[in-house]
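J.: The structure that follows is given in the form of structure tokens.
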Amino acid sequence: EMFFLLLFLPVLTHACHPQFQKELRYLDLYLGIQPDNEGQLPVKHASRFQQYISASQDLDCTFDRECLWSNLENDGVLDSSDFWYFHKSDKKRFPTQLQPGKRKVPKGSHFIVAGNTTVQPQSAIILSAPIPCQKGEGRISFNYWLYNFAQVQVLVVKAAKRRGHLQIIDKPETDCHFYRPKDDVCHVTIPHISEPFRIAIRAFSLKDNVVGSMALLNNISYNALICEKSPLTTLFDSSHIGRRKFEPSLIYTLSDMNCMEASEKCRWGNAKQRANTTWRIGKDIERWNEVMLVNYRASRPKGSFFLLAVDSLTAKPFSRFESDLIPCTQKASTLSFQYWAKTGTQVEVCSIDERDIPLSCAYLTDEDGGAKPIEIVVDPYGKPFRFSFEIITFDQFAGGLVAINNIQLKGLLCSEKLPPVATTISPNTIADSFALTPRPIFEGSYPLQLSCDWTSDPCFQWVDEDVKLFVGKAPEDSEEFPFPEELINGNVGAIFLNGADTSILRSREVPCAWNLEITLTYWRSEHGFIRVCALDQCVDGGKMEGKISLVVSSMRPFEVTIETRSRGNAVVAIDSILTEGEACPIKTLEQTLCDNVKCDFQGTFCGYSTNPVSTGDLPMQLVTKGATVTIDEAHNRAVLASSSFEIVQPALLLMKVTQETFGSRLLLCPDAKSEPDACTELLGPIVLSPQTRELSFPLDPSTRRFAIVFLHDKGVQFGEAKFTIHSVDVKTSENYQLCF
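Numbering-wise, the sequence shown is residues -15 to -1, 1 to 725 according to mature numbering (1 follows the signal peptide of the UniProt record, and there is no 0).
As structure tokens, this is what we get:
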């Protein structure tokens, strides 16, 4: 009778304890096997496991050399242990308790071994490299030996994991067990598989704390007709886009770039740079809903369309879809197109220069897709540029896919003549007549009341959101601008509107007011319009010149807006803004910054919002020591989003935070919707014990808001994570106090 004691540790050569050395001696004594390669399986480079095999024979393995089989990282569900690498060290036969494989095995033969002496059943999986798909039935076979109730099975699993776990496609019948005939070889039939997959060989029911149990495997063989390449290339009966000519071609108008239906004649295609996957032309949409995972019932491409499909095994870089070069434009250009994306896919649409440097970009998700064309407007550009589409993120489990159709461009090339302007007032006439100059650079100070006459200061208590406000002087005795001198004279704020245009002049926040009358004196040209709004009430300037008055009362902060628009080239001149009545002083820049940023979270979140902005967000709770949150696998994020503020000099953001859980992270993001890659990590995932840290981060003058993000995407591995934020403060870049 034989006695086994098998305890396999992560690295067998480190098992220097006399007990483990004794167990290895038992294996050598009874089975004639010894660890090889420190017990580590001979596997090919990790990159090969992220590439599809080219023939079924690629998975054949005797374990005498490196193979395309590797241990699965333990997931605690299907796999809780590992296989280890052994070789036959002598010529003795295997004992009869090890069945059903051959008892006589040549010296030097290699095996992989899984075993355990636990009460709870353990399991171990070896996983193959990915297979594109299998045409018809295939067969996998291997030699196996089992001891003391150990079992084996073959699983067909998806090529990509979901949240760290295998996703089973099929469990083919595995009639391979201890009581099979002597010298049995395990043969398992794998059915037709139409999607990328991997094969898993699993040893399970490894238990028995007295004598242990184990499984030995070797000589794996896989025989099947597999797809030559990823099935992604055959989606929608797609075909390759022919090679483009990258030399500049003659373009007489932007409409030359239009592509209503995808074809090789379009001036759109794959970028010149090398890529591992390319855009293709799709034709058949029969499986549209199934593939896209989005129910675009009433919307799908008509005719041929451009598409790019990728999955977790598609190596970067992905191909960029781009237009031919556009020589230059003299007016804003509009790119419109129909767009569909698979759930979880995000696409970057950019205008880029000849060196591929982005000029402007927009970001689209699957939620933006549908029948209604998307329009993206870009500013005029005096040099050659092009438009481009590029997948930037996608669901690693489901894969990414984007389809584009009905591409149209509107605008004016530099070589085209400008159409006649609908008004007699030209931009040059406006600029010369008013002697317009830009407002000076804002240095951080402004009057603390709404009144403004443009004489003593540039009125920075009014914010020009669209950068269309200039300071000038009302022209005298002008035929184009017949100002009534008793109404408009001296310095004015002039808003120049080019064609059909809009502009907003917004006041800084007024804390409170009582019977405050705001009076604006204005003049507007023929095609211009103006109105003043506050607290959901507006007053229009119905005449060409005159005064607009608005009376407001509020015990809560509010803003006043001066809104202008035009239907042709126009100018709106503001002579003065006067107030009568009671109003609290406007907050200084520093007061606004302190009110919106500084907080000790004692009974209030101050200027911060903790409302969830996406699925999986959890609001924070106020406690004695600050604001706290406990996040887990289901809710793996909490956000503190600041209100808007403005700084003109660099500053320091200070935080005091307690982090308690390994795997959790603290991020500082541009806003609450930012992806983690766009954020700065303030506290990393290595947390050996609860720690309270005082952090500082420099704020650039361009910063207008930020979001403090508490993230724990390792909830499955490490359980719940708790954060507590005790305070947030802001100081000068020299570490002087700003808020008191």
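We put the beta carbon where it would ideally sit given N, CA and C, even for glycine.
Would Ser297 pass as a contact of Trp264 if the rule is Cβ separation under 8 Å?
T.: As a first step, residue 297 is located in the sequence shown; it is residue number 312 there, counting from the start. As a first step, residue 264 is located in the sequence shown; it is residue number 279 there, counting from the start. It is not a contact, given that the beta carbons lie outside the stated cut-off.
J.: Can you name the start and end residues of the alpha helix (DSSP H) that Gln702 belongs to?
T.: The residue given as residue 702 occupies position 717 in the sequence shown. Counting along the chain, Gln702 sits inside the alpha helix (DSSP H) bounded by residues Gly700 to Phe703.
J.: Does the beta-carbon of Val406 have 16 or more other beta-carbons within 10 angstroms, so that it is buried, or is it exposed?
T.: The residue labelled residue 406 in the question sits at position 421 within the sequence shown. Low confidence applies here, because Val406 scores a pLDDT of 34, under 50, leaving its location unreliable; read the following figure in that light. Val406 should be labelled exposed.
J.: State yes or no: is the C-beta of Phe290 within less than 8 Å of the C-beta of Ile389?
T.: Counting from one through the sequence shown, the residue named residue 290 turns up at place 305. Counting from one through the sequence shown, the residue named residue 389 turns up at place 404. Yes, these two residues count as a Cβ contact at 8 Å.
J.: Would you report the Cα separation of Pro432 and Asp560, rounded to the nearest angstrom?
T.: In the sequence shown, residue 432 corresponds to position 447, counting from 1. In the sequence shown, residue 560 corresponds to position 575, counting from 1. When rounded, the distance between both Cα atoms is 17 Å.
J.: Which one of Cys497, Ala326 and Gln35 has the shortest CA to CA distance from Thr378?
T.: Looking up residue 378 in the sequence shown gives position 393. Selected option, being the one with the closest Cα: Ala326.
J.: Helix, strand or coil for Val90, going by three-state DSSP, please let me know.
T.: As a first step, residue 90 must be located in the sequence shown, where it is residue number 105. Collapsing the DSSP output to three states places Val90 in coil.
J.: Measure the C-alpha to C-alpha separation of Tyr11 and Arg50 and round it to an integer number of angstroms.
T.: Within the sequence shown, residue 11 is the residue found at index 26, counting from 1. Within the sequence shown, residue 50 is the residue found at index 65, counting from 1. Taking the straight line from one Cα to the other gives about 26 Å.
J.: Should the stretch 595 to 603 be regarded as contacting the stretch 381 to 399, the criterion being three or more beta carbon pairs within less than 8 Å?
T.: no
J.: Of the residues Ile547, Phe182 and Ser284, which one's Cα is nearest the Cα of Ser534?
T.: What you label residue 534 is simply residue 549 of the sequence shown in a count that begins at 1. Selected option, being the one with the closest Cα: Ile547.
J.: In whole angstroms, what is the alpha-carbon distance linking Cys171 and Ala200?
T.: Locating residue 171 in the sequence shown gives position 186, where the first residue counts as 1. Locating residue 200 in the sequence shown gives position 215, where the first residue counts as 1. In a straight line, the C-alpha of Cys171 is about 13 Å away from that of Ala200.
J.: So Ser441 packs on Thr564, CB below 8 Å; how close in whole Å?
T.: Numbered from its first residue, the sequence shown carries residue 441 at position 456. Numbered from its first residue, the sequence shown carries residue 564 at position 579. Contact between Ser441 and Thr564 is ruled out by a C-beta separation of about 16 Å, above the 8 Å threshold.
J.: Give me the DSSP bridge partner(s) of Ile415.
T.: Walking along the sequence shown from the start, residue 415 turns up at place 430. Bridge partners of Ile415: none, in fact.
J.: With three or more beta-carbon pairs closer than 8 Å as the criterion, would you say the stretch 421 to 432 touches the stretch 348 to 364?
T.: Result no; under three Cβ-Cβ pairs closer than 8 Å.
J.: Starting from Val141 and walking both ways along the beta strand (DSSP E), at which residues does that stretch end?
T.: What you label residue 141 is simply residue 156 of the sequence shown in a count that begins at 1. First-last of the beta strand (DSSP E) with Val141: Gln136 to Lys143.
J.: In chain order, what residues of the same chain lie with their CB nearer than 8 Å to the CB of Cys497, ignoring the 5 residues before and after it?
T.: As a position in the sequence shown, residue 497 is number 512, starting the count at 1. Excluding positions up to five away in sequence, the list reads Ser539, Met540, Arg541, Pro542, Ala568 and Cys569.
J.: Please report the straight-line C-alpha distance between Tyr15 and Ala31, rounded to a whole angstrom.
T.: Here residue 15 refers to the residue found at position 30 of the sequence shown. Here residue 31 refers to the residue found at position 46 of the sequence shown. Approximately 35 Å between the Cα atoms of the pair.
J.: Candidates Ile184, Glu23, Ala109 and Glu275: which alpha carbon is nearest Asn56's?
T.: To locate residue 56, count along the sequence shown from 1; it is residue 71. The shortest CA-to-CA distance from Asn56 to any of Ile184, Glu23, Ala109 and Glu275 is the one to Ala109.
J.: Assign Val715 to one of three DSSP states: helix, strand, or coil.
T.: Reading the sequence shown from its first residue, position 730 is the one you call residue 715. Note: Val715 maps to strand in three-state DSSP.
J.: Quick one, are the C-beta atoms of Ala558 and Trp508 less than 8 Å apart?
T.: Within the sequence shown, numbered from 1, the residue matching residue 558 stands at position 573. Within the sequence shown, numbered from 1, the residue matching residue 508 stands at position 523. Yes, these two residues count as a Cβ contact at 8 Å.
J.: Between which two residues does the alpha helix (DSSP H) holding Thr549 run?
T.: Reading the sequence shown from its first residue, position 564 is the one you call residue 549. Where Thr549 is concerned, there is no enclosing alpha helix (DSSP H), although the beta strand (DSSP E) it sits in stretches over Val545 to Arg552.
J.: Can you tell me the Cα-Cα spacing of Glu333 and Ile426, whole angstroms?
T.: Numbered from 1 along the sequence shown, position 348 holds the residue referred to as residue 333. Numbered from 1 along the sequence shown, position 441 holds the residue referred to as residue 426. Looking at the two C-alpha atoms, the distance is approximately 33 Å.
J.: Could you have a look at Asn581 and say whether DSSP puts it in helix, strand or coil?
T.: Your numbering for residue 581 matches position 596 in the sequence shown. Reduced to three states, the DSSP call for Asn581 is helix.
J.: What residue does the beta strand (DSSP E) around Val276 start on, and which one ends it?
T.: Here residue 276 corresponds to residue number 291 of the sequence shown, with the count starting at 1. Taken as a continuous stretch (DSSP letters only), Val276 belongs to no beta strand (DSSP E), being part of the alpha helix (DSSP H) at Trp273 to Met277.
J.: Helix, strand or coil for Pro661? Go by DSSP, reduced to three states.
T.: For this step, residue 661 is matched to residue 676 along the sequence shown. Residue state, collapsed to three classes: helix.
J.: Would DSSP call Leu394 helix, strand or coil?
T.: Position 409 of the sequence shown, counted from the start, is the residue given in the question as residue 394. Leu394 falls in the strand class under three-state DSSP.
J.: Given Arg78, which residues of its chain have a CB within under 7 Å of its CB, disregarding the five upstream and five downstream residues?
T.: Indexing the sequence shown from 1 puts residue 78 at position 93. So the qualifying residues of the chain are Arg88 and Lys89.
J.: Just the C-alpha distance for Asn59 and Met605, rounded to the nearest angstrom, thanks.
T.: Start at 1 with the first residue of the sequence shown, and residue 59 comes out as number 74. Start at 1 with the first residue of the sequence shown, and residue 605 comes out as number 620. Taking the straight line from one Cα to the other gives about 33 Å.
J.: Taking the C-alpha atoms as reference points, what is the distance between Ile710 and Ile616?
T.: What you label residue 710 is simply residue 725 of the sequence shown in a count that begins at 1. What you label residue 616 is simply residue 631 of the sequence shown in a count that begins at 1. If you take the alpha carbons of Ile710 and Ile616, they lie about 14 Å apart.
J.: With DSSP as the reference, label Gln576 as helix, strand or coil.
T.: Position 591 of the sequence shown, counting from 1, holds the residue named residue 576. Helix, per DSSP.
J.: So which of Glu246, Asn22, Ile415 and Asp241 has the shortest CA-CA distance to Lys268?
T.: Indexing the sequence shown from 1 puts residue 268 at position 283. Comparing Cα-Cα distances from Lys268 to each of Glu246, Asn22, Ile415 and Asp241, the minimum goes to Glu246.
J.: I need the DSSP call for Gly123, collapsed to helix, strand or coil.
T.: Start at 1 with the first residue of the sequence shown, and residue 123 comes out as number 138. Strand.
J.: For Thr238, which option in Gln258, Ile184, Leu398 and Pro286 has the closest C-alpha, if you only look at C-alpha atoms?
T.: Position 253 of the sequence shown, counted from the start, is the residue given in the question as residue 238. Among Gln258, Ile184, Leu398 and Pro286, the Cα nearest to that of Thr238 is on Leu398.
J.: For the beta strand (DSSP E) containing Cys171, name the first residue and the last one.
T.: Along the sequence shown, read from residue 1 onward, the residue named residue 171 stands at position 186. Element bounds for Cys171: Val170 to Ile175.
J.: Going by CA-CA distance only, name the one from Glu666, Phe695 and Phe182 that's closest to Ala706.
T.: Within the sequence shown, residue 706 is the residue found at index 721, counting from 1. Among Glu666, Phe695 and Phe182, the Cα nearest to that of Ala706 is on Phe695.
J.: Could you check if Ile671 is buried or exposed, using at least 16 other CB atoms within 10 Å of its CB as the buried criterion?
T.: In the sequence shown, residue 671 corresponds to position 686, counting from 1. Burial call: exposed.
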